[in-house]
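Since the structure comes first, as structure tokens, the remarks are kept for the end.
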Amino acid sequence: MVTSVQGNAATAQATVSADIYAKVDKIIAPQKSGLIRIAGTIANDQTRLSALGQLRSALASFQSVAQALSGAGLTSTATSSSKGVVGATASASVVAGTHAVEVKQLATSQTLASAVQASASTPIGTGSVTTITIDAGSAVDGKFSADGGTSKTITISSGNNTLQGIADALKQAGIDTAVVKNGDGFTLSVKGPAGASNSLRVSVSGDAAVKDLLAYNPVGTGKLTQTTAAGDAILNVDGKDVRSASNTVSTAIDGVTLTLTAAGKTSVVVAQDPSQIARNVTDLVTAYNSLNSKITELQKGDLKSDPALQQISSQLTRLVASGSFGSFGALGKAGVSVGAGGNLQVDNVQLTSAIAADPQAIGKLFTDNGNGIADQFASKLASLTGDGGRLQKQEATVNKELAALGKKKADITAVLSKEATALIKLYTDQQASANSGGGLFGSGNGKTAFDYFA
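What follows is the structure, encoded as structure tokens:
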């Protein structure tokens, strides 16, 4: 503080003696002590805010683990007996069982090809501005409807009126397009989205040559040739027919996603995967212990006696130890207990035995209509760290205090700087007057500037 004040004063008064600085410093020293106290409080608050940020990060890390396990306490697998026909994956909550699947038809995309061109780089037409619109929709009973489908429009002119230029413009608009070379020359291939409701209609306005090459209506006439028709996937699952615009089907078996690769028959077996339960237990215990270690570290250090940390620690401990937390009591029977320092520990032998005896019951320890251990941890952490939570309120309080202290420090600094500058000027003027034999504080009255401002 003194250095900055002296520097400001020195700018205004080129020649100031060390004695003058010493006198001014002595006068304002009592007021500087207030600034020192404020600076110390600011430093402490900044440390607290940083520590609260560390706490929030640790809570978020544990929360992400709890949320990931919530709903996934018991993992299942889905296996196809003929992977060349169907691939299968299962979600966490799927019911075990065996399903008969017959793929009758794969979903296909309509593919259109232009007439053969001698070159992919030769201009087509005059280069006048031409608009190409490609719609995907339903072509049924001699009518085309683009309702609910996609529509893309591009512009062709003298800069891109070649086969390759048109292909590049269509690709840039998100249309699956390619220039295909064959023995006779080059063709433009345009592919629509999969599914029967995605037949293509190509409308062209502008240059006649481009229109003659590309205009196409699936229920009328056109110059493009259909090489593949748009169609839905058709399959039968457990005696029920299912249609899908995609070869990835997630609606045929609850909780199972089927990937269709060929026509044929297969069986899909859904089974529980007890090995995942043990990994989930280990993941949750590891994450909790990491959070507990950070809380313990902060309690002994930068957040000692902090009310937010005390409340968070108390609620988590109560959640683990409470008799009402029935899932944890059952989990204790599966080999999980509270050890030294509040950390959780796992008896792997006991856990393995419990899973083998009743994997379904152990799986429900994680999620059971909001009552599982992961469910409750995720819910509690959301309330502690979210809007209006204790942590957010504490952070807001510290930030508010920092803002007030910063303003107070700036105000005091400005006053002291002004006072010090004035004192330096007065002492300097007095010194100059004394050297010339007179002045504001003459030697006759025996007083100095220090006497007047002491």
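Quick note on this note's numbering: the sequence shown kicks off at 306 and runs consecutively. All residues carry an ideal CB built from backbone N, CA and C; glycine is no exception.
Cα-Cα separation, residue i to residue j
i	j	result
Asn-763	Gly-442	The requested residue 763 is not part of the displayed model; the chain covers only 306 to 759.
Gln-699	Leu-721	33 Å
Leu-670	Gly-606	35 Å
Thr-733	Glu-724	14 Å
Ser-396	Val-561	6 Å
Leu-614	Leu-340	30 Å
Val-586	Ala-363	19 Å
Leu-624	Asn-676	12 Å
Ile-333	Ile-729	12 Å
Gly-479	Ser-494	14 Å
Val-524	Ser-450	10 Å
Phe-367	Val-434	59 Å
Ala-401	Asn-487	51 Å
Thr-532	Gly-454	21 Å
Asp-559	Leu-475	38 Å
Gln-422	Thr-431	16 Å
Thr-352	Arg-584	37 Å
Val-547	Leu-411	12 Å
Asp-330	Lys-713	21 Å
Gln-620	Leu-374	20 Å
Ser-510	Thr-460	10 Å
Gln-681	Leu-589	12 Å
Gln-735	Ala-348	40 Å
Ala-513	Thr-556	46 Å
Ser-386	Ala-661	26 Å
Pro-335	Gly-345	16 Å
Gly-470	Gln-581	53 Å
Ala-365	Ser-463	57 Å
Gly-693	Ala-701	10 Å
Ala-679	Val-370	8 Å
Ser-618	Ala-626	12 Å
Where the beta strand (DSSP E) through residue i begins and ends
i	result
Thr-532	530-533
Asn-541	538-542
Leu-505	504-510
Ser-642	641-643
Pro-428	Taken as a continuous stretch (DSSP letters only), Pro-428 belongs to no beta strand (DSSP E), as it is neither H nor E.
Asn-487	481-487
Pro-579	Premise fails: Pro-579 lies in the alpha helix (DSSP H), 579-605, not in any beta strand (DSSP E).
Gln-422	Taken as a continuous stretch (DSSP letters only), Gln-422 belongs to no beta strand (DSSP E), as it is neither H nor E.
Pro-498	490-499
Ala-441	435-445
Phe-449	448-450
For residue j and residue i, believed in contact at Cβ under 8 Å, the rounded distance
i	j	result
Leu-649	Leu-360	Rounded, the Cβ-Cβ distance is 19 Å, inconsistent with contact.
Val-703	Leu-354	5 Å
Gly-249	Thr-564	There is simply no residue 249 to check, as the chain begins at 306 and stops at 759 in what is shown.
Asn-597	Gly-647	5 Å
Gln-372	Ala-592	So it is not a contact: roughly 11 Å between Cβ atoms.
Leu-608	Ala-356	5 Å
Thr-571	Val-399	So it is not a contact: roughly 17 Å between Cβ atoms.
Ala-550	Lys-409	With 8 Å as the limit, Ala-550 and Lys-409 do not qualify as a contact, their Cβ atoms being about 15 Å apart.
Residue i - containing alpha helix (DSSP H), residue span
i	result
Ser-335	Just to set this straight, residue 335 is Pro in the shown sequence, not Ser. It spans 323-374 - the alpha helix (DSSP H) in which Pro-335 sits, taken as one unbroken run.
Phe-682	678-690
Ala-613	612-626
Leu-411	Where Leu-411 is concerned, there is no enclosing alpha helix (DSSP H), given that its DSSP letter is neither H nor E.
Asp-473	468-477
Leu-656	653-662
Val-524	Here Val-524 belongs to no alpha helix (DSSP H), and DSSP marks it neither H nor E.
Val-561	Element bounds for Val-561: not the alpha helix (DSSP H) but the beta strand (DSSP E), 561-565.
Val-515	513-519
Own chain, CB closer than 6 Å to residue i, minus 5 neighbours either side, in chain order
i	result
Thr-384	Val-574
Gly-764	Nothing about residue 764 can be reported from this structure: the residues present for the chain run from 306 to 759 only.
Ala-501	Ala-535, Gly-536, Asp-537
Thr-438	Thr-458, Ser-508
Val-554	Leu-563
Thr-482	Ala-472, Leu-475, Lys-476, Val-495
Thr-492	Ala-418, Ser-419, Val-421, Val-485
Leu-468	Gln-422, Ala-425, Val-484, Phe-491, Leu-493
Neighbourhood of residue i by C-beta, 7 Å cutoff - its chain only, sequence neighbours within 5 removed
i	result
Asn-522	Phe-449, Arg-506
Ala-666	none
Asp-489	Val-421
Cutoff 8 Å; reference residue i; Cβ partners in own chain excluding five residues on either side
i	result
Lys-528	Ser-419, Ala-420, Asp-517, Leu-518, Leu-519, Ala-520, Tyr-521
Asp-350	Val-703, Glu-706, Leu-707, Leu-710
Asn-552	Leu-411, Ala-412, Ala-499, Ala-538, Thr-564, Leu-565, Thr-566
Thr-622	Gly-647
Three-pair Cβ contact test at 8 Å for the segment 598-615 versus the segment 420-428: no
Three-pair Cβ contact test at 8 Å for the segment 340-359 versus the segment 710-719: yes
Three or more C-beta pairs below 8 Å linking the segment 539-556 and the segment 405-419: yes
Validate contact between the segment 675-693 and the segment 611-625 using beta carbons, cut 8 Å, 3 pairs: yes
Three CB pairs or more closer than 8 Å across the segment 411-424 and the segment 488-507: yes
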